[in-house]
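Working notes, beginning with the structure itself.
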Amino acid sequence: MTHPLVTQEMIDTYQRDGVVLIKGLFSDHVEDLKDGVAENMTNPGPYASDNRKQGETGLFFDDYCNWSRIDQFRNVIENSPAAEVAADLMQSRTVQVFHDHVLVKEPGTSMATPWHQDGPYYFVEGQQTISFWSPLDPVREATLRCVAGSHLWDKEVLPTRWVSEEGFFPDEGQYIPVPDPDAEGMTVVEYEMEPGDAVAFNYRTLHGARGNRSDSRRRAFSLRLVGDDARYVERPGRTSPPFPGHDMTPGQRLREDWFPVLLRR
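For the sequence shown, the residue numbers in the numbering used here are 16 to 280.
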């Protein structure tokens, strides 16, 4: 039995395109998430950034790996339908937490979220991966944009640093340059969304977002989960998030004391 929010058509779309919209995934938890984001911005973690780029206006705050210290995030992760929906879309018996991510674009923020795939930044490989990106404010222009089918590309996109635009790792031919999906005629999927809706996408799905030139904030909460086939992999340098001292070896499932199992079917 699949979760009531999920249809077979949505599962098929997720597997084919690497992205699908889940209406109302966090609709019962929007206020909790808003409170959690406020707490996160008041007390940022060690990975927080304001992404200030020369010549850009506004503030683009992001931070990750705070769910274990921010009760509202923990509550949503443990009590929302996210794990069940993830299991259905990934076609996985198990669902583990990888990490959370908060992204806030204040009114008048000109900086776009650059096109990227999440997977190359991570020390996780596998097809059974999923991110949920959920706005806590209505979004139109500043919504998430995903390239359909990019999770099935033969090579991953070179991970880059958002502000300096430098390569995150040395490129020895295993990556392709960051493309321009609009100029290259790729199929870009984007949705007008209400608070609590969520875009579900694979770690290898190319995605980005425009700046926020509106007069209201664009707060977004992301939750990254993994399934049965996800395994630890070594990258050519420090990953993001780094999780120092994890002591895992290549091919190992993520350690459950650090990355708890939310669901076993």
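Cβ coordinates follow ideal geometry from the N, Cα and C atoms, glycine included.
- Rounded to whole angstroms, the separation of the alpha carbons of Asp-186 and Thr-175 is 11 Å.
- Val-241 is the residue among Val-241, Arg-250, Ile-26 and Gly-260 whose C-alpha sits nearest the C-alpha of Phe-274.
- Under the DSSP assignment, Ile-145 falls in the beta strand (DSSP E) whose first and last residues are 144-150.
- Taking the Cα of Asp-78 as reference, the smallest distance to any Cα among Asp-115, Pro-192 and Glu-271 is reached at Asp-115.
- Val-172 places its beta carbon 7 Å or farther from that of Gln-143.
- By the CB criterion at 7 Å, Gly-73 and Ser-146 fall outside the cutoff.
- Unbroken alpha helix (DSSP H) runs of no fewer than 4 residues, entirely contained in the region 68-109, are found at 86-94 and 97-105, following chain order.
- For the pair of segments examined, the region 222-237 was found to touch the region 146-161: the number of CB pairs separated by less than 8 Å reaches three.
- Residue pairing by DSSP puts Leu-159 in a beta bridge opposite Ala-224.
- Put simply, the backbone Cα of Val-139 is about 13 Å away from that of His-261.
- By the criterion of at least three beta-carbon pairs nearer than 8 Å, the region 208-219 is in contact with the region 33-50.
- From the listed residues Gly-188, Met-263 and Thr-202, the smallest Cα separation to Cys-161 is found for Thr-202.
- Counted as a single uninterrupted DSSP element, the alpha helix (DSSP H) harbouring Leu-48 occupies residues 45-57.
- Relative to the Cα of Gln-30, the nearest Cα in the group Arg-225, Tyr-247, Thr-220 and Glu-71 belongs to Thr-220.
- Beta-bridge partners assigned by DSSP to Thr-128: Ala-224.
- In this structure the region 17-34 touches the region 99-119; the number of beta carbon pairs closer than 8 Å is three or more.
- Taking each of His-18, Glu-71, Trp-130 and Gln-267 in turn and checking the Cα distance to Pro-196, the smallest one comes out for Trp-130.
- By the CB criterion at 7 Å, Gly-134 and Ala-245 fall outside the cutoff.
- For Tyr-29, the secondary structure class from DSSP, reduced to helix, strand or coil, is helix.
- Phe-183 and Gln-189 have their C-alpha atoms roughly 13 Å apart.
- If you ignore the 5 residues before and after Pro-96, its C-beta comes within less than 8 Å of the C-beta of His-18, Leu-20 and Leu-40, all in its own chain and listed in chain order.
- Between Trp-82 and Asp-50, the alpha-carbon positions lie close to 13 Å from each other.
- Between Ala-157 and Lys-120, the beta carbon gap of about 6 Å places them in contact (Cβ cut-off 8 Å).
- By the neighbour-count definition (other C-beta atoms within 10 Å, threshold 16), Arg-67 is an exposed residue.
- The beta strand (DSSP E) runs of length 3 or more contained entirely in the region 159-212 are, from start to end of the chain, 159-162 and 203-205.
- Secondary structure note for Phe-236: its beta strand (DSSP E) is the uninterrupted segment 233-241.
- Remark: C-beta atoms of Arg-108 and Arg-280 approach each other more closely than 7 Å.
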